[in-house]
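If you read the protein sequences in the order shown, they are chains S and U.
Here the working numbering is used: the first residue of the first sequence is 1, the next is one more, and so on.
Here the working numbering is used: the first residue of the second sequence is 458, the next is one more, and so on.
Each residue gets a CB set at the ideal place from its N, CA and C atoms; glycine is no exception.
2 protein chains.
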Amino acid sequence: MWQKEIPYKIYLEESEMPKAWYNVRADMKRKPAPLLNPQTHVPMTFEELRTVFCDELVRQELDDSTPWIPIPEEISSFYKMYRPSPLVRAYCLEEKLQTPAKIYYKFEGNNTSGSHKLNSAIAQAYYAKKQGLKGVTTETGAGQWGTALSMACAYLGLDCRVYMVKVSYEQKPFRREVMRTYGAFVTPSPSDTTQVGRKILERHPGTSGSLGCAISEAVEAAGSREGYRYVLGSVLNQVMLHQSVIGLESKAAMDKYGIKPDIIIGCAGGGSNLGGLIGPFMGEKLRGEQDYQIIAVEPASCPSLTRGKFAYDYCDTGMVCPLAKMYTLGSGFIPSASHSGGLRYHGMSPILSQLYDDGLMEARTVEQTAVFEAAQQFARVEGTLPAPESSHAIRVAIDEALKCKETGEEKTIFFGLTGTGYFDMMAYGKYNDGKMEDYIPTDAELQAGFDGLPHIE
Amino acid sequence: MWQKEIPYKIYLEESEMPKAWYNVRADMKRKPAPLLNPQTHVPMTFEELRTVFCDELVRQELDDSTPWIPIPEEISSFYKMYRPSPLVRAYCLEEKLQTPAKIYYKFEGNNTSGSHKLNSAIAQAYYAKKQGLKGVTTETGAGQWGTALSMACAYLGLDCRVYMVKVSYEQKPFRREVMRTYGAFVTPSPSDTTQVGRKILERHPGTSGSLGCAISEAVEAAGSREGYRYVLGSVLNQVMLHQSVIGLESKAAMDKYGIKPDIIIGCAGGGSNLGGLIGPFMGEKLRGEQDYQIIAVEPASCPSLTRGKFAYDYCDTGMVCPLAKMYTLGSGFIPSASHSGGLRYHGMSPILSQLYDDGLMEARTVEQTAVFEAAQQFARVEGTLPAPESSHAIRVAIDEALKCKETGEEKTIFFGLTGTGYFDMMAYGKYNDGKMEDYIPTDAELQAGFDGLPHIE
Numbered sequence: 001m002w003q004k005e006i007p008y009k010i011y012l013e014e015s016e017m018p019k020a021w022y023n024v025r026a027d028m029k030r031k032p033a034p035l036l037n038p039q040t041h042v043p044m045t046f047e048e049l050r051t052v053f054c055d056e057l058v059r060q061e062l063d064d065s066t067p068w069i070p071i072p073e074e075i076s077s078f079y080k081m082y083r084p085s086p087l088v089r090a091y092c093l094e095e096k097l098q099t100p101a102k103i104y105y106k107f108e109g110n111n112t113s114g115s116h117k118l119n120s121a122i123a124q125a126y127y128a129k130k131q132g133l134k135g136v137t138t139e140t141g142a143g144q145w146g147t148a149l150s151m152a153c154a155y156l157g158l159d160c161r162v163y164m165v166k167v168s169y170e171q172k173p174f175r176r177e178v179m180r181t182y183g184a185f186v187t188p189s190p191s192d193t194t195q196v197g198r199k200i201l202e203r204h205p206g207t208s209g210s211l212g213c214a215i216s217e218a219v220e221a222a223g224s225r226e227g228y229r230y231v232l233g234s235v236l237n238q239v240m241l242h243q244s245v246i247g248l249e250s251k252a253a254m255d256k257y258g259i260k261p262d263i264i265i266g267c268a269g270g271g272s273n274l275g276g277l278i279g280p281f282m283g284e285k286l287r288g289e290q291d292y293q294i295i296a297v298e299p300a301s302c303p304s305l306t307r308g309k310f311a312y313d314y315c316d317t318g319m320v321c322p323l324a325k326m327y328t329l330g331s332g333f334i335p336s337a338s339h340s341g342g343l344r345y346h347g348m349s350p351i352l353s354q355l356y357d358d359g360l361m362e363a364r365t366v367e368q369t370a371v372f373e374a375a376q377q378f379a380r381v382e383g384t385l386p387a388p389e390s391s392h393a394i395r396v397a398i399d400e401a402l403k404c405k406e407t408g409e410e411k412t413i414f415f416g417l418t419g420t421g422y423f424d425m426m427a428y429g430k431y432n433d434g435k436m437e438d439y440i441p442t443d444a445e446l447q448a449g450f451d452g453l454p455h456i457e
Numbered sequence: 458m459w460q461k462e463i464p465y466k467i468y469l470e471e472s473e474m475p476k477a478w479y480n481v482r483a484d485m486k487r488k489p490a491p492l493l494n495p496q497t498h499v500p501m502t503f504e505e506l507r508t509v510f511c512d513e514l515v516r517q518e519l520d521d522s523t524p525w526i527p528i529p530e531e532i533s534s535f536y537k538m539y540r541p542s543p544l545v546r547a548y549c550l551e552e553k554l555q556t557p558a559k560i561y562y563k564f565e566g567n568n569t570s571g572s573h574k575l576n577s578a579i580a581q582a583y584y585a586k587k588q589g590l591k592g593v594t595t596e597t598g599a600g601q602w603g604t605a606l607s608m609a610c611a612y613l614g615l616d617c618r619v620y621m622v623k624v625s626y627e628q629k630p631f632r633r634e635v636m637r638t639y640g641a642f643v644t645p646s647p648s649d650t651t652q653v654g655r656k657i658l659e660r661h662p663g664t665s666g667s668l669g670c671a672i673s674e675a676v677e678a679a680g681s682r683e684g685y686r687y688v689l690g691s692v693l694n695q696v697m698l699h700q701s702v703i704g705l706e707s708k709a710a711m712d713k714y715g716i717k718p719d720i721i722i723g724c725a726g727g728g729s730n731l732g733g734l735i736g737p738f739m740g741e742k743l744r745g746e747q748d749y750q751i752i753a754v755e756p757a758s759c760p761s762l763t764r765g766k767f768a769y770d771y772c773d774t775g776m777v778c779p780l781a782k783m784y785t786l787g788s789g790f791i792p793s794a795s796h797s798g799g800l801r802y803h804g805m806s807p808i809l810s811q812l813y814d815d816g817l818m819e820a821r822t823v824e825q826t827a828v829f830e831a832a833q834q835f836a837r838v839e840g841t842l843p844a845p846e847s848s849h850a851i852r853v854a855i856d857e858a859l860k861c862k863e864t865g866e867e868k869t870i871f872f873g874l875t876g877t878g879y880f881d882m883m884a885y886g887k888y889n890d891g892k893m894e895d896y897i898p899t900d901a902e903l904q905a906g907f908d909g910l911p912h913i914e
């Protein structure tokens, strides 16, 4: 293996940027199970799904055989505003750790939404616009996805309606104002603008909302407005497809310099980042061309892969969305309030769930104090302040690099740095004050979540 | 003039990055006036200044004849973590404005400090470390400079003590926590850790602090601790020197593609960004090799170039720092509380003041509502959410592009986008709510500031 001198940051030329997304399902021998109608338990058809999602996205959702989907010119143009994202050689972290390992990361935070979410937001907004729709609705918790979507919609001149969990709307006004600056209508959820919102407000007048409720409101709002569809930032097959741009760029940059990763590490919530990051590498593995050790990292407080069940479950707590077969903690599972940042979703992308079940990747859990310790160490030597989500991957990357230090192995470690932590300073403050707590759900708590699983053979 | 097809973003290769800073004073026929001792009114000597600043920085401060100062290897390595910053072709803004003008901007916000301040922070921290000092002290208002300095100090293992204006410390906890994450000691000012702080607290028990007071505390803290020096993020000649990396990279990127700007636009507070941005272009102008229209943009609420006096003045409100000859509103001038964001300094870099006085550049004022309007328009089409400071330059760039639309001229407009607005969402929120106000100081208000000027022939 030859290696040119590796710069700190590898940027692709525009001409080297991916021209098509990679659909890993095409290379999977065991395909992810289909989405089911929540009433009939029969696989969802194109006609059923197109009432919720726009047509082209439904096609992408259902297509498990086409390996390459061309990226439309307009999306490519938008990508060029903030992509290619840099592949960074973590020279300073390596030196700090005194490890013989070579560490690389793909940094997706260099755009105003602060994360990789924009890669799918622009695609989903584009297809909605192309279909002649007026707007899209979505939900957002802390606001990363909502921000990305409002940026994409502003660019395309598409109406954007975001249901934001009320407690975040009130306590995290910064992301709310970013969305409003991009022209989005942001509504605290639950609200009196939907039936489901009004019902919840009647029953729980003082509630501060939940993601499950915000999803239900966003879905209802899309259905009740002419020319609107609902969009979602993770879990779905279409999202993994769009996010493959992360892995494709990474692979192209590595190939230019003769770099081959031994270990690939990504944080995993719903799976949007991990699926995109590992996509083309997993493809090589599935086709038997290369082998990689692939590690999904999840919080100990929300361990869907490591402690969940591989079963059909509701995607939302309101149980109105289709059923997906995935590793899940049950749609009623809610991570402890002491859990900081994202990666709070009860389930996992059906694609990643299948790959994990087939033994094609590993999963590990990490506790949040250790995650913030890694985040702080990384920030101080590499400069970039990482998002708590991304820092799960940093934790494991550092652990693996320290193992190399013990064994003397010169492994090449590659991880995804999904975003920046600018809007997570409350959590950092807790850590700085020594007030951060770890939390691991008990078996009994998990069982309660499993008890709510639908009974499907 | 030939032009290759211009990509959205031009990144230099590492090998093309500047290896030396450019010292514009070397090419100035009329040099900036020397700093004066505030007691004796005699030019400050090396020996006097080295009690406040570290030795190498004093040399740089006083050197007005060496055109190129090599960038030390360690600083170059740090630069490689977040530089080169992209030179961006604003294709989307051009299309939105339907202008024949070609618009470029140099984006300095792609690092965790969120601005160009890091370029000088690492240099100042490096020389302090090299001199064997233990740490540095500084003041910060909203926190941009403090954040940059704490990042630089974390990287070098240098102690960093930041006096943060109390009202910002309490009401803007996010930047405070970023600094703490990077290991800085952040003290709300006024504090009981200094004599001057205790005095002020005695006289004004409930005060929420001011930048002037924080400077005084930081200077005292540096003087009273063995192995500490004080550092400053703008105004000084050394800062203009370090920031020249912005202009040098811009020029190298432009030369690669045969781009020659007709108009160069930068926002101006103390002058750190503007001085760096225009440095090498001004050098060509001074040497008679090229001509450029150069525009400094300042807020109408703090108009030091356009309505100030060119005179010796105190650099701080505490009147303990050396006197500088500059365009100034008087050290007692404080911009209205309705003024958002930075660019609040009463004076202007002595270098820029001299260049302006010599007619080598223009200055314009803009009002903040118009600035935020430009910021929002820019964010929606170009993606990046700009800092309010940077948006002053955006406002004038858009105005100039619209003029080209009227006249049909295909001018090349180049401006500095100094940073991101993530930590300015309170101001954006005000704008989003339609509650932003403009403010222009009256002649009488300005006269009150001028009355406080020291009497120096």
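{"query": "Please decide whether S/Arg180 counts as near chain U, where near means a Cβ-Cβ distance under 9 angstroms.", "result": "yes"}
{"query": "Can you tell which of U/Asp484, U/Ser542 and U/Gly865 has the C-alpha that lies nearest to the C-alpha of U/Pro524?", "result": "U/Asp484"}
{"query": "Where does S/Ala444 land, buried or exposed, given buried means 16+ other C-beta within 10 angstroms?", "result": "exposed"}
{"query": "Measuring straight from C-alpha to C-alpha, what distance separates U/Thr785 and S/Phe423?", "result": "36 angstroms"}
{"query": "Rounded to a whole number of angstroms, what is the C-alpha to C-alpha distance between S/Pro32 and S/Gly266?", "result": "20 angstroms"}
{"query": "For S/Gly132 and U/Ala831, I'd like the C-alpha separation in whole angstroms.", "result": "29 angstroms"}
{"query": "Buried or exposed: U/Ala571, going by 16 or more other Cβ atoms within 10 Å of its Cβ?", "result": "Reading the sequence as shown, one finds Gly at residue 571 of chain U and not Ala. Buried, since its Cβ has 16 or more Cβ neighbours within 10 Å."}
{"query": "Hey, U/Tyr620 and U/Thr597: beta-carbon distance below 9 angstroms or not?", "result": "yes"}
{"query": "Taking the alpha carbon of U/Thr864 as the point to measure from, which residue in U/Ala558, U/Ile913, U/Gly690 and U/Gly663 has its own alpha carbon closest?", "result": "U/Ala558"}
{"query": "Could you please give me the residues that DSSP links to S/Tyr439 through a beta bridge?", "result": "Note: S/Tyr439 sits in no beta bridge, so no partner."}
{"query": "Specify whether the region 509-521 of chain U and the region 537-552 of chain U touch according to this definition: at least 3 beta carbon pairs, one from each stretch, less than 8 angstroms apart.", "result": "no"}
{"query": "Taking only three categories from DSSP, how would you classify S/Ala311?", "result": "strand"}
{"query": "Counting only beta-carbon separations shorter than 9 angstroms, does U/Val593 have a partner in chain S?", "result": "no"}
{"query": "I need the straight-line Cα distance from U/Glu683 to U/Ala580, nearest angstrom please.", "result": "21 angstroms"}
{"query": "So the beta strand (DSSP E) U/Ala820 belongs to, where does it begin and stop?", "result": "Glu819 to Val823"}
{"query": "Helix, strand or coil for S/Val167 per DSSP?", "result": "helix"}
{"query": "Residues of the region 828-858 of chain U with a CB closer than 7 angstroms to any CB of chain S: list them in chain order, please.", "result": "Gln833, Ala836, Arg837, Val838, Glu839, Gly840, Thr841 and Leu842"}
{"query": "To the nearest whole angstrom, what separates the beta carbons of S/Leu248 and S/Pro280, a pair I think is in contact under 8 angstroms?", "result": "5 angstroms"}
{"query": "In the region 553-570 of chain U, which residues sit with their C-beta less than 8 angstroms from some C-beta in chain S, listed in chain order?", "result": "Asn567, Asn568 and Thr569"}
{"query": "May I ask which residues mark the beginning and end of the beta strand (DSSP E) holding U/Pro756?", "result": "Gln750 to Pro756"}
{"query": "For U/Glu471, decide whether its Cβ has a neighbour in chain S, counting only Cβ atoms nearer than 9 angstroms.", "result": "yes"}
{"query": "Quick one: is U/Gly891 buried, meaning 16 or more other Cβ sit within 10 Å of its Cβ, or exposed?", "result": "exposed"}
{"query": "Just to make sure I have the definition right: I need the residues of chain S whose C-beta is within less than 9 angstroms of the C-beta of U/Met501. Which are they?", "result": "Within chain S, no residue comes near U/Met501; the closest Cβ sits about 34 angstroms away, beyond 9 angstroms."}
{"query": "Which of helix, strand or coil does DSSP assign to U/Met458?", "result": "With a pLDDT of only 38 at U/Met458, under the threshold of 50, the placement of this residue in the model should not be trusted; the figure read from the coordinates follows. It is coil, neither helix nor strand."}
{"query": "Taking 7 angstroms as the limit between beta carbons, can you name the residues of its chain near S/Met1, skipping five residues before and five after?", "result": "Residue placement at S/Met1 cannot be trusted, given a pLDDT of 38 that sits under 50; what the coordinates show is reported in the next sentence. These residues qualify, in order along the chain: Gly258 and Lys260."}
{"query": "Please report whether the beta-carbon of S/Lys166 lies at a distance below 9 angstroms from any beta-carbon of chain U.", "result": "no"}
{"query": "Answer yes or no: does any C-beta atom of chain S fall closer than 9 angstroms to that of U/Ala611?", "result": "yes"}
{"query": "Starting from the beta carbon of S/Phe174, find every residue of chain U whose beta carbon is closer than 7 angstroms, and list them in chain order.", "result": "Met882"}
{"query": "Identify the residues that DSSP records as bridge partners of S/Ile10: which are they?", "result": "S/Leu87"}
{"query": "Counting only Cβ-Cβ distances shorter than 7 angstroms, please list the residues of the region 519-539 of chain U near chain S, keeping chain order.", "result": "Lys537, Met538 and Tyr539"}
{"query": "Rounded to the nearest angstrom, what separates U/Ser436 and S/Gly270 at their Cα positions?", "result": "No information on residue 436 of chain U is available, as it lies outside the stretch 458 to 914 that chain U covers here."}
{"query": "Just to confirm before moving on: does the CB-CB distance between S/Ala253 and S/Ile413 stay below 9 angstroms?", "result": "no"}
{"query": "If you follow the alpha helix (DSSP H) that U/Glu866 is in, where does it begin and where does it stop?", "result": "No alpha helix (DSSP H) holds U/Glu866; DSSP gives it neither H nor E."}
{"query": "Where does the unbroken alpha helix (DSSP H) through S/Met254 begin, and where does it stop?", "result": "Asn237 to Lys256"}
{"query": "Please tell me whether U/Pro464 has its Cβ less than 9 angstroms away from any Cβ of chain S.", "result": "yes"}
{"query": "At 4 residues or longer, what runs of the alpha helix (DSSP H) sit wholly inside the region 157-235 of chain S?", "result": "166-171, 173-181, 195-203 and 211-224"}
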